[in-house]
Each structure stands twice: as C-alpha cells, then as structure tokens.
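> Protein chains in written order, with my numbering: chain V, 1 to 640; chain F, 641 to 941.
1) Which of helix, strand or coil does DSSP assign to residue 149 of chain V?
2) Going by Cα to Cα distance, which pick from V/272, V/315, V/277 is closest to residue 284 of chain V?
3) At which residues does the beta strand (DSSP E) containing residue 352 of chain V begin and terminate?
4) Output yes or no for whether 8 Å exceeds the beta carbon distance between residue 496 of chain V and residue 540 of chain V.
5) Spatial neighbours of residue 249 of chain V within its chain, please: C-beta separation below 8 Å, excluding the five flanking residues on both sides.
6) Whose Cβ in chain V lies nearer than 9 Å to the Cβ of residue 767 of chain F?
7) Can you pull the chain F residues whose beta carbon is under 8 Å from the beta carbon of residue 126 of chain V, in chain order?
8) For chain V, is any of its Cβ atoms less than 8 Å away from the one on residue 691 of chain F?
9) Mapping the DSSP letters down to three states, classify residue 456 of chain V as helix, strand or coil.
10) On the DSSP bridge list, what partners appear for residue 276 of chain V?
11) Kindly list the residues whose CB is nearer than 8 Å to the CB of residue 884 of chain F, restricted to its own chain and excluding five residues on each side of it in sequence; keep chain order.
12) Within 8 Å of any Cβ in chain A, is that where the Cβ of residue 252 of chain V sits?
13) Give the interface partners of residue 694 of chain F over in chain V, defined as CB-CB distance under 9 Å, in chain order.
14) Counting Cβ pairs closer than 8 Å, one from the stretch 29 to 40 of chain V and one from the stretch 649 to 668 of chain F, do we hit at least three?
15) Establish whether the CB of residue 841 of chain F and some CB of chain V are separated by less than 8 Å.
16) Does DSSP put residue 707 of chain F in a helix, a strand or coil?
17) Is there at least one Cβ from chain V nearer than 8 Å to residue 894 of chain F's Cβ?
18) Could you spell out the range, first to last residue, of the beta strand (DSSP E) harbouring residue 363 of chain V?
19) Consider the Cβ of residue 340 of chain V: report whether some Cβ of chain F lies at a distance smaller than 8 Å.
20) I'd like to know if residue 156 of chain V contacts chain F, where contact means its C-beta is closer than 8 Å to some C-beta of that chain.
21) Using the beta-carbon of each residue, which ones in chain V are nearer than 7 Å to residue 722 of chain F?
22) Answer yes if the stretch 618 to 629 of chain V comes into contact with the stretch 478 to 492 of chain V, meaning at least three C-beta pairs across the two stretches below 8 Å, and no otherwise.
23) Please report how far the alpha carbon of residue 766 of chain F lies from the alpha carbon of residue 759 of chain F, in whole angstroms.
24) With residue 427 of chain V as the anchor, note down where its beta strand (DSSP E) starts and where it stops.
25) Who are the neighbours of residue 945 of chain F on chain V, taking C-beta pairs under 7 Å?
26) Please check the pair residue 333 of chain V and residue 415 of chain V, which I expect to be a contact at CB under 8 Å, by giving their CB distance rounded to whole angstroms.
27) Ordered along the chain, which non-local residues of its own chain (more than five positions away) have a Cβ less than 6 Å from that of residue 802 of chain F?
28) Compute the distance between the beta-carbons of residue 545 of chain V and residue 473 of chain V, then report whether it is under 8 Å.
29) With DSSP collapsed to three states, give me the class of residue 662 of chain V.
30) Under 8 Å Cβ to Cβ from residue 12 of chain V, same chain only, skipping five residues before and after it: list those, please.
31) Have a look at V/425, V/499, V/439, V/564 and flag the residue whose alpha-carbon is nearest the alpha-carbon of residue 465 of chain V.
32) Excluding five sequence neighbours on each side, which residues of the same chain lie with their C-beta closer than 8 Å to the C-beta of residue 83 of chain V?
33) Which first and last residues belong to the beta strand (DSSP E) in which residue 335 of chain V is found?
34) What does residue 354 of chain V touch in chain F if you count any residue whose Cβ is under 9 Å from its own?
35) Between V/369, V/614, V/233, which lies nearest to residue 129 of chain V when the distance is taken from Cα to Cα?
36) Does any C-beta atom of chain V lie closer than 8 Å to the C-beta of residue 797 of chain F?
Structure follows, in structure tokens:
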C-alpha cells in the first residue's frame, strides 16, 4: 500500500522516481492489546490513507461481531492475522506490515506483549532498527515496559520511541505524561538504547500519531509518524571493518570462481587487500561481480560476488576481512542466549550452532546466570526454560570467526538448532570469546590447605616463592634465557621449577593448537602449575610467548601480584628472524601457518613489564644478571 | 541518501541473500513458477543471485490446464529464451476425472488441480525446498508466515509451530520427506513489485496490460472467455471490453478490471489509485473468511 500523493494522479512517473529512492526503516512495535498497539498501527495506516475500501468494509462488518469500539470501526482488528488468533482476540506471533509515506517506506514488525512471548519479540527485534514501545498512560511504566526496553537494548536497537498512549483516559494531563517520562528515563539510564523519544498520544482519537494534537498543545515534539519519517537510523551501525561472509562458492565454468555473499560490514573495493579466514591467507580483490555489471566497491548490505587475484582456498562459512581489523576466533563463546523451546536445556546439551560461519556441532557448556529482563539483574539458573535470557558459554566443535554483537550484529549473532528435530531452539548474541579463566569448577570440590606454613617453607628453602614470566615473540630468546636462569639460580642454591611453553605442548597441553584462544588455555595451565609450585615455596620460571596483555594480567592475578615478575624479552626483527628456532618465520613467509604472534597476529607489547631486556644487544649472562638483581631486590633470593 | 540505501535496492539484496542461502543449504531446490508478475520478479532476482552462472535449480509450473493461453505461451517463451529448465506438472488423476472450475466449485477444483498437484510434483521431484513468490502484504495469514516456512511430510503448514526466524540466519534443515517453502519476496509490497518490473524492464504476461477482450459480467466480476470450454449461463454472452488483470491464475477464476491502462506507469497509477485490495480479484479468497489460511495449512502455496 502506498500513501495518497497528489503526484500519483498528475505525474505517476515522477511519483515512481521519487518512491524508488525512498529508504527503508524497519520498526518493531511492542506492547499488548491492552496498550492499544493494534489500534495505534490501525490508526497509522488509516490516517495515512493506507487502508483499502474492501478492507475497511470487512473491518466494519467484523467490528460488529468481535469489535470493542461500538459503532466505530475497530482499527485493532486490522492487525490480527490468523483465524485462531482473531477468535482468541490476541496476537500470538510476529506479524509484518508495510506502508510508505512521501519520505520513507516502512516495515512494521508487530510483536506481541504477553509475558510468555519474549521469543516473538526477540524475533521481531532482530531485524529492526527502531522500536516503538507503548505505555498505557492510565497504568504507567509496567514490568512489561521494562521488559520490552531491555530486550530492545539487548538486541542492539539504538532508536527507541516510547509512545505514552491513552492520554484521553487521563484528561490529556501534562503532569501525568511528565511523571511517566521521568520514571522511564530513570529506568532507561542502565540500557543501551540511545536517547529515547517519549511522546504523549491517543491512538483512539488520533492525537500525535500522524498529526500534532490540538488538545495537548503543551507538547511541542513531532507526532509519531513525523519522527519515524525523519529519524536517522543508519543501516550499517557496525563498528567493525570489512566482513564478507562467503555464502556460496560459484564456479559455473573452469575460468570463473566467485565467492557470493552479502557484505556484513565495511566496504570492499577492487584492489583491496583482504585476508581469508580461517586460512589467514592474504589476497587481493580482483572483481566485484553483479548481474548489472562489475562494481568498483560494495558496501554493507549489498549482495555481490567477489573474485580474488590468487587461488585461495575459500569455502562457505569462511570470511574475507580487512587485513588490519580481524574478528575473534575461538571455540568457546561468551554469549547472551534466548531460549525459545518449551523443552528446557541444561549444561551439556548438544546442539547445532548456525552463524555466518555455517553450521557447527556445539554444546551449551555453562549457564553463568539468567538475566531478569525486568530489572537486568543476574539470577542463578541451572537450566534454560522457554523465554529465558541467559549469559552462557557455548562451545563449538569448529573454531568460529565472530565479532561481539554490539560491534557487528551480523557476525555477532547465531541461532541454536536441535540436532534431532531441526527446530530452532535458541538465539544468541556474542559478548566475546569465552575464557576458560572464568569457568567455575564443577561439583562440590574444596581446597585442602596444607599444614606446612609458608614461613616454614621459606625457612627451609631460604627463598621467597615467585613466578618469573619470560614473554616475547618467537626468536626473542625465551627458552635460552630460561635455561641459563635456571642454571644460575640452581647454582645459587635455590629450588625452582622451569616451565617452557614448548615443553608444555609436548605433554600437558598437547591437545591444544596455536590460536589465541588455545594459547590462552595453555598459559592458564602453566599459571595454575606456577601457583601450586609457589604455594610449595618454589621459584618458577615460565618461558612462553604470552602475546596477549589480557592473558598476562590473568596470570598476574592468579599467582598474585606480589609474587609475579614480568620480564619482556625483545630483539630486533632481523635478529629474531635469523634465530627462527622452529622455522616459524620461514613457514609464515610461505603462507603455511596462521596465528604467529608478531607475524600474522598481534603481539601486544607489555606496558607494565618489571624488566625489559634486549636479547639482541645484551649477552645471555648479562640478561641473567639483570633478572637475578631484580629478584634480589624483591627479596626472592632469601636475603629479605 | 545514495541509491544503495533505496528500499528497492535493499529488498533486492535481501531476496538474493535468501536464494543463495537455499542453494547453499538445500539438496534439491525448485522454484515454483506461476507465470504471474511476482514469479517474473522472482525469476529475475534468481538470475541476478547466480550470475554469471546458470540457475542452479529448475522451475516448476503446476498446470491446471485452465490457465490463460497467453500465460502458457509466455511461460514456454520465457523458459526457452532464458535457457532455464522448466518442469510442468498436471494432476493426471484430476484431469482424468474431468475436474474443472465450472462443475466442481472453486474450492474442490483448487484442491485437486493446484494443492494436490503441487504435492504430487514436489514428492515426485523429491524437492526439499520450493521457492514461492508470495508476499506478506497480500493476505492476512501471510503477514505472519516465515520467509523459510517449514512443511511436514504431508506438506502441511502449522502456523502455531513455526520456527523462530532471526536476523538473516535461516534454518533450512529438514528430514527426508519434509521440506521448506521459501518466500524471497516476503517483504516486497505490490508497489515494489510493479516498480521493479518497470525499472528493470522485466517481461510480464500481456494480460496485465489493458486491451479489448471478450468477457462476461457475473455480478460485477468480469470473467474472460479464453477458449471454447467456457460455460455460459443461460442468456449470457461474451462482450468485448477494455480490461486487464491484476492477478493471473485459471481464467474462469480470475476477475478482470475495466481499464485503459496500457503502459506500466498507467497500470501502477491505477493500482495506486485503486480503492480495493489486490487479492479481491481472486475468487477463491471469497469462499469464507480465513480461507487462505486453511488452504495453506493443507499445502497450498
């Protein structure tokens, strides 16, 4: 349906040219029948002349049998979809409506307000840019209002309109409106919904819906429709650079190999350097193919086919991304999950996870807590029930590529599918990679404190326990220095434990790979051992790359700041490359390995290191001297 | 605002994404081709989605044998010119039993020659996904249907038990025998479709354009006399009037509107100035309130 523009009758081609260039706003309407939501939508369509005569006639007939407005057509009946619902008088699912004005075209996703239908609202919200939340002026801000606002916030809707309806029932009281407005704004402070627009309306009488209210002349904001027509709700709200999830590989003949997909964020242009993930191979965009001819560039939301300069192994679910702005990659996701099945889920539940990466076997590993959608407060939960929203850890069998949902809703969202019935049972929004550092031990385990005290150990060993972390890129000299340090400390009569990253990988961590996520886990294990050894009074020397500052901080927290000594080993690039102890630089140059800190992924240079040593400039002995001197100052060597 | 922000550009990209997703996830997709303007747009979008290659699925037309002759000619010409594989299926049992729209009522006739015929064709082809050109703005029950709409082994739709559909993550997984109906034009309106036909110069059946045609006037419904199988009521005879069709189907069940609109802008102008909704011309929708929903539950598109 379209609005009644005078141009239609006088110059239809001009009208079409104008209409063709209107943009599209997807709006979620939430509220219950009691709030007059259906009446509001009916009013919008009616007052913009969007209801056909036959629909109005059917409506008038229906209003006699099931309407609630006496002799006036019940506009709410327009919005009810399915027969069963019409009989029940409630909307039970998301319904979509379409209309346009002279400025914009609109898709309305009409989500029901009943408590048990959170899943429908989440479904509707997932594709919308703006939410209209209805409040009944006679009842004020209810739990339902808070619930709708919270869900809008969780789903990343940054444009919210709060329509305080039924102002006719409260004598169009300015005081009442302002009371509701202030209460709502106080509540909304904790949400991420931008600056909500609150306005007083009467859907029944038409005040402030399409035209400004004559009765409420004390309100000078634009009416609802004008606001919807003019609000700037950009399409690509993501904070990430290029993300191009490959949907389909097209090879119609031997000469053409194209990667079809929709640009999820950013821009891709011919000649751009991009990186294919998970392989990590860099290449250049050769062509951007469409049926209407090649493009120079494609932007978020556009469906195109890319060809690449090199024969890169790329398949469905892979991502082409900006070389300098990469997504997370991990098996474990920290996510907000909405459970949509009447069959509850407990930790350990096996599922399929579907995202822009395609499908992966996955399991619900832990439920950290449920979120009370009225107050946002965390609530302990042992299982997920229908309509629950919970912070969970999901473990995927495949390594996934993703962004935080708040940075990119396309690469940050997923659905959960039941393996047996194929039904979609949940939806998730990624917070970030889940860290095993945060995991709670299972069951009723407890510590068994030693009867030997720390003082007794110190007296026996003549030293204070400490953990010395030697961190640096490959070829920085960590293993060499660790061996020399061990020798020197041993010769000084100290009791110690040396942990080498490579040796850990031969045993304790041989199940782990080299992604940042797995490096983090290997370091967690090393840190746990260091903590235990420190408790037994030992000095521990840990030689590991530890490329992430965040993980090094975790180690510091685990072993205790007073026992932690961070030593950053540095050396010039050519020195490290010349050493290349495991041939990693050469392998990376051949494009064989992914995830080498300082080469293909970032090595975050420590900013708070206790000591920084240039192993290219200083001798091994000089480096050991420096560390021993520092340990002496700290009292580790027994003199303090 | 730039051209790429225009709603038509967005709708096009969404439809292309949907079609590619079906081809990526489903083993044997097929595109239901009804020969109408929505099918023409859907076919055009499909060619865009898979360019520069050919369509990775066939078209399927359910031929009731009562379509307008111009539709069948257009269908065969389109398939040949575009080089697409076209499957045509007719319910042979219904044909043998002489089921026709005159003697058996629109409801029975539609059930046998359309709904059952479609089920037969989908079963025989072992198709696990079928594209349809339905739009959510057409009819009230469609406003709530998913873009990927699950059908059980008996091709039934259960409106109370639909899969949640979030973001652009479509779950097309089915067990053998079950299938998906997929509606890439779900979010298009009638105006969008017309505008796109005009902008992209997509061929449509000439019956959409006004021309002098032989019709009979039955209580205000203008039915075209398309061939000599037409049953005249006593005293009835064809008269030539300037008419066109807003929707196309089986000729005895399609009501024409009087019009002089011969160009697309004129047709769109009439549509926009019309005071009656599009599906009103379809006889089957009038049987009873909510009838489309019941047909859909049974497997009608």
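Even for Gly, the Cβ is constructed at its ideal location relative to N, Cα and C.
For this structure:
1) On the first chain, position 149 is the one that residue 149 of chain V refers to. In the structure shown, residue 149 of chain V sits in a helix (DSSP, three-state: H, G or I).
2) Taking the first chain and counting its residues from 1, the one referred to as residue 284 of chain V is at position 284. Among V/272, V/315, V/277, the Cα nearest to that of residue 284 of chain V is on V/272.
3) On the first chain, residue 352 of chain V is found 352 positions in, with the first residue counted as 1. Where residue 352 of chain V is concerned, the enclosing beta strand (DSSP E) stretches over 350 to 355.
4) To locate residue 496 of chain V, count along the first chain from 1; it is residue 496. To locate residue 540 of chain V, count along the first chain from 1; it is residue 540. Yes, Cβ-Cβ distance for residue 496 of chain V and residue 540 of chain V is below 8 Å.
5) Taking the first residue of the first chain as 1, we reach residue 249 of chain V at position 249. Counting only Cβ-Cβ distances below 8 Å, and skipping sequence neighbours, we find 257, 258, 259, 260, 314, 315, 316.
6) Locating residue 767 of chain F in the second chain gives position 127, where the first residue counts as 1. Residues of chain V passing the Cβ test: none, with the nearest at roughly 17 Å.
7) Indexing the first chain from 1 puts residue 126 of chain V at position 126. Within 8 Å Cβ-Cβ: 806, 807.
8) Start at 1 with the first residue of the second chain, and residue 691 of chain F comes out as number 51. Yes, residue 691 of chain F lies at the interface with chain V (some Cβ there is under 8 Å from its Cβ).
9) Taking the first residue of the first chain as 1, we reach residue 456 of chain V at position 456. Three-state DSSP puts residue 456 of chain V in a helix.
10) Position 276 of the first chain holds residue 276 of chain V. Note: residue 276 of chain V sits in a beta bridge opposite V/281, V/320.
11) For the purposes of this step, residue 884 of chain F is taken as residue 244 along the second chain, with counting starting at 1. Closer than 8 Å at Cβ, skipping near neighbours: 847, 848, 849, 850, 851, 896, 897, 899, 901, 907.
12) This model lacks chain A altogether; the protein chains it does include are V and F.
13) By one-based count along the second chain, residue 694 of chain F stands at place 54. Near residue 694 of chain F (Cβ distances below 9 Å), the residues of chain V are 252.
14) no
15) One-based indexing of the second chain puts residue 841 of chain F at position 201. It does not; no Cβ of chain V falls within 8 Å.
16) Taking the first residue of the second chain as 1, we reach residue 707 of chain F at position 67. Note: residue 707 of chain F maps to strand in three-state DSSP.
17) Counting from 1 along the second chain, the entry for residue 894 of chain F is found at position 254. By this cut-off, residue 894 of chain F is not an interface position.
18) Working through the first chain from its first residue, we reach residue 363 of chain V at position 363. It spans 358 to 371 - the beta strand (DSSP E) in which residue 363 of chain V sits, taken as one unbroken run.
19) Locating residue 340 of chain V in the first chain gives position 340, where the first residue counts as 1. So yes, residue 340 of chain V belongs to the interface.
20) Mapped onto the first chain, residue 156 of chain V falls at position 156. Not one chain F Cβ lies under 8 Å of residue 156 of chain V.
21) Translated into the one-based positions of the second chain, residue 722 of chain F becomes position 82. None at all; the shortest Cβ gap to chain V is about 13 Å.
22) yes
23) Here the question's residue 766 of chain F lines up with position 126 in the second chain. Here the question's residue 759 of chain F lines up with position 119 in the second chain. For residue 766 of chain F and residue 759 of chain F, the distance between alpha carbons rounds to 10 Å.
24) Residue numbering aside, residue 427 of chain V sits at position 427 when the first chain is read from its first letter. Element bounds for residue 427 of chain V: 424 to 433.
25) No information on residue 945 of chain F is available, as it lies outside the stretch 641 to 941 that chain F covers here.
26) Here residue 333 of chain V is taken as the residue at index 333 of the first chain, counted from 1. Here residue 415 of chain V is taken as the residue at index 415 of the first chain, counted from 1. Contact flag wrong, Cβ pair sits at about 13 Å.
27) What you label residue 802 of chain F is simply residue 162 of the second chain in a count that begins at 1. Within the same chain, residue 802 of chain F has close Cβ partners 786.
28) Your numbering for residue 545 of chain V matches position 545 in the first chain. Your numbering for residue 473 of chain V matches position 473 in the first chain. In contact: residue 545 of chain V and residue 473 of chain V (Cβ atoms closer than 8 Å).
29) Residue 662 of chain V is absent from the structure shown; chain V starts at 1 and stops at 640.
30) Counting from 1 along the first chain, the entry for residue 12 of chain V is found at position 12. Taken in chain order, the list of residues that qualify is empty.
31) Taking the first residue of the first chain as 1, we reach residue 465 of chain V at position 465. Taking only the C-alpha atoms, the option nearest residue 465 of chain V is V/564.
32) Position 83 of the first chain, counted from the first residue, corresponds to residue 83 of chain V. With a pLDDT of only 46 at residue 83 of chain V, under the threshold of 50, the placement of this residue in the model should not be trusted, and no figure is reported.
33) Position 335 of the first chain, counted from the first residue, corresponds to residue 335 of chain V. Per DSSP, residue 335 of chain V belongs to the beta strand (DSSP E) from 328 to 339.
34) Residue numbering aside, residue 354 of chain V sits at position 354 when the first chain is read from its first letter. Here the neighbours are 809, 810, 811, 813.
35) In the first chain, the residue the question calls residue 129 of chain V occupies position 129. Of V/369, V/614, V/233, the residue nearest in Cα terms is V/233.
36) For this step, residue 797 of chain F is matched to residue 157 along the second chain. For residue 797 of chain F, the answer is no, since every Cβ of chain V falls outside 8 Å of its Cβ.
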